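Heads up: the structure comes next, in structure tokens.
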Amino acid sequence: MKQARIAFEGRVQQAWEDNGKLRLADGRRVEETEVVWLPPVTPGTILALGLNYADHAAEIASKAPEEPMVFLKGANTLVGHRAFTPRPVDATNMHYECELAIVVGKPARNVAKADAYDYIAGYTVANDYAVRNYLEGFYRPNFRIKSRDNCTPIGPWLVDAADIPDPMNLRLTTRVNGETTQEGSTKDMIFDVPFLIEYFSGFMTLRPGDVILTGTPKGTVNVMPGDEVVTEIEGIGALHNTIIERKP
Amino acid sequence: MTSVTLRPGGPLLSGAVYGCLLNVQEELDRLGDAINEAPYNGAPTGPVMYVKTPNTQIAAGEPVPIPADVDQVRVGATLGVVIKNTLTRASADQARAAIAGYTLVNDVTVPHESLFRQPLKQKCRDGFCPIGPNLVDAADLPDPDGLTVRALVNGECRQQWRLAELVRPVATLLADLSDYTSLYPGDLILVGVSPDAPLAGAGDTVAVEIDGLGRLENPLVREGENAR
Chain A
1 MKQARIAFEG RVQQAWEDNG KLRLADGRRV EETEVVWLPP VTPGTILALG
51 LNYADHAAEI ASKAPEEPMV FLKGANTLVG HRAFTPRPVD ATNMHYECEL
101 AIVVGKPARN VAKADAYDYI AGYTVANDYA VRNYLEGFYR PNFRIKSRDN
151 CTPIGPWLVD AADIPDPMNL RLTTRVNGET TQEGSTKDMI FDVPFLIEYF
201 SGFMTLRPGD VILTGTPKGT VNVMPGDEVV TEIEGIGALH NTIIERKP
Chain B
249 MTSVTLRPGG PLLSGAVYGC LLNVQEELDR LGDAINEAPY NGAPTGPVMY
299 VKTPNTQIAA GEPVPIPADV DQVRVGATLG VVIKNTLTRA SADQARAAIA
349 GYTLVNDVTV PHESLFRQPL KQKCRDGFCP IGPNLVDAAD LPDPDGLTVR
399 ALVNGECRQQ WRLAELVRPV ATLLADLSDY TSLYPGDLIL VGVSPDAPLA
449 GAGDTVAVEI DGLGRLENPL VREGENAR
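If you're matching them up, the sequences are chains A and B in order. Oh and the first sequence: position 6 is 6 in our numbering, straight run, nothing missing. So the number in our numbering is just where the residue sits in the second sequence, counting from 1, plus 248.
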């Protein structure tokens, strides 16, 4: 089952995917362009992985990490499907990052890899934009590059874990203005989904609704105002976002 | 003096909790030339923020569990600023007007030398962010930058520092951060921690004090030994 959080007819509602349309709780079916899409989850904690695909690590760093390279971001960053992301005028390289997002289903502390999937509610797609020229050297990646307002589109759907029997074999694709610019597979993650649940729950309690962004493969390229960026993961969804200019 | 009890996750404290590194002049001074060397490669241009995740947030009096792999922690005594109105790309004056009030925070931290990566294992353990006990109305503390912060271990004052030493005073910090990270009602910002924050371990009782804000006291217990 695929569910969404939307704003429609003056209120926030839950809705479900139904043959290319959205089904509301009262049974009506509406077009996806008739509603405002909100982030499908409202996480307390947003964990994110850097350099979690060997090919992307080679693209921006000298070597792959031996331990997960992890950072946190605030809920201020999240926007839903079909939203807009501002590009600062002094950005020289602002790139998308198509990522599988894990949504935690129940409190998790000291969970073994073998049990990890029992703690996952589902999956969604995230686009973890970075303004690469804002990267600095303290507690990096610093907020200015990665915890920016509206710079983490997420959605469209929260897809039940039960519907994704093998999250470690899904195709990731990013298209900019219809042209494919990034392709990869979750099977190439350095630290896979069960490992990450064990790793994080080994030092902190994960809570229902918490989100883990699992990193991106190679193929991250600069985008400009007006560009339409679609990050898609097989079986999870296609997340649309449009770049706009950030007003000085 | 108007103050109300503050409860993590309650209506007054419903959002993000952000801390700030290198916002005390002495922290910067001690880095010295290292700030320009690898891996830092230069002074930060904006406030260096980090997240204290919801699993860290506990109320006054609750035990802080010290995990098995941790010997001692630093008692990160600081001022917490609670937001009442949304701040996006705000001026310092707008930021000042958006402050609901102030509270005490203990930014419990596993000592770490490198400031290169975000310190999740050092700062985001369960219970590593005692907050409270009260929210004191901003109108009752018109000049927080003149206050003194004290860190206590087992009732003895081990450190005191003045908020006048902040690199970015409270309103400037909020304004600068809001350039790219909006602050929302119920968010809490820790203004910084001075170097030489005292060490403490399981069995100790730690506290944070600021005149006018009272005392935030929590026992440290070995993880697994507090049945809650």
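Just so it is clear, CB atoms sit at the ideal spot from N, CA and C, and this is done for glycine as well. Note that this is a predicted model, so its numbers are computed, not measured.
Would you list the one or two residues that DSSP bridges to residue i?
i	result
N241 (chain A)	A:A83, A:V229
Q273 (chain B)	Paired residues: none, contrary to the question.
C268 (chain B)	B:M297
E179 (chain A)	A:V176
P313 (chain B)	B:V469
A130 (chain A)	A:H95
S251 (chain B)	B:V384
S185 (chain A)	A:R171
K2 (chain A)	A:V159
R29 (chain A)	A:R23
E234 (chain A)	DSSP output for E234 (chain A) lists no bridge partner at all.
V103 (chain A)	A:G122, A:V211
Does the distance from the C-beta atom of residue i to that of residue j stay below 8 Å?
i	j	result
A130 (chain A)	I154 (chain A)	no
G267 (chain B)	D355 (chain B)	yes
D192 (chain A)	M168 (chain A)	yes
S251 (chain B)	N382 (chain B)	yes
L431 (chain B)	T304 (chain B)	no
R322 (chain B)	Y139 (chain A)	no
D388 (chain B)	V418 (chain B)	no
V111 (chain A)	I46 (chain A)	no
V299 (chain B)	A343 (chain B)	no
L213 (chain A)	L38 (chain A)	no
V353 (chain B)	G328 (chain B)	yes
E245 (chain A)	V89 (chain A)	yes
P156 (chain A)	G237 (chain A)	yes
L468 (chain B)	D444 (chain B)	no
S426 (chain B)	T293 (chain B)	no
G349 (chain B)	A386 (chain B)	yes
Can you tell me whether residue i is buried or exposed, with buried defined as 16 or more other CB within 10 angstroms of its CB?
i	result
S147 (chain A)	buried
F71 (chain A)	buried
C405 (chain B)	exposed
E143 (chain A)	What sits at residue 143 (chain A) in the sequence shown is Phe, not Glu. By the 10 Å Cβ count, F143 (chain A) comes out buried.
K106 (chain A)	exposed
E97 (chain A)	buried
A475 (chain B)	Below a pLDDT of 50, predicted positions are generally treated as unreliable, and A475 (chain B), at 44, falls in that range; the measurement from the model is reported next regardless. A475 (chain B) should be labelled exposed.
A203 (chain A)	According to the sequence displayed, residue 203 (chain A) carries Phe and not Ala. Answer is buried; the Cβ neighbour count reaches 16.
E457 (chain B)	buried
H240 (chain A)	buried
Residue i CB to nearest chain C CB: under 8 Å?
i	result
P378 (chain B)	The structure shown contains no chain C; its protein chains are A and B.
Using a Cβ cut-off of 7 Å, which residues of the region 196-210 of chain A contact any Cβ in chain B, in chain order? For the region 196-210 of chain A, which is checked against every Cβ of chain B, the residues closer than 7 Å are F203, M204, T205, R207.
Whole alpha helix (DSSP H) runs in the region 340-390 of chain B with 4 or more residues, listed along the chain? 340-345, 368-371
Anything in the region 82-107 of chain A with a Cβ closer than 7 Å to a Cβ of chain B? List those residues in chain order, please. none
Against chain B, which members of the region 122-145 of chain A pass a CB distance test of less than 7 Å? E136, G137, F138, Y139, R140, N142, F143, R144
Positions along the region 356-372 of chain B whose CB lies within less than 8 Å of some CB in chain A: L363, F364, R365, Q366, P367, L368, K369, C372
Members of the region 434-453 of chain B that neighbour chain A once the beta carbon cut-off is set at 8 Å: none
Complete beta strand (DSSP E) runs within the region 398-442 of chain B (minimum length 3 residues, chain order): Listed in chain order, they are 404-410, 436-438.
Got a sec: which bits of the region 49-71 of chain A sit with their beta carbon under 8 Å from any beta carbon on chain B, in order along the chain? M69, V70, F71
By the 8 Å beta-carbon criterion, what residues does the region 147-178 of chain A contribute toward chain B? S147, R148, D149
Which parts of the region 38-76 of chain A are runs of the alpha helix (DSSP H), unbroken and 4 residues or longer, counting only runs that do not cross its ends? 54-60
Compile a chain-ordered list of the residues in the region 253-264 of chain B whose CB is closer than 8 Å to at least one CB of chain A. G263, A264
For the region 212-246 of chain A, which residues have a beta carbon sitting closer than 9 Å to at least one beta carbon of chain B? Contact annotation: in the region 212-246 of chain A, no residue has its CB less than 9 Å from a CB in chain B.
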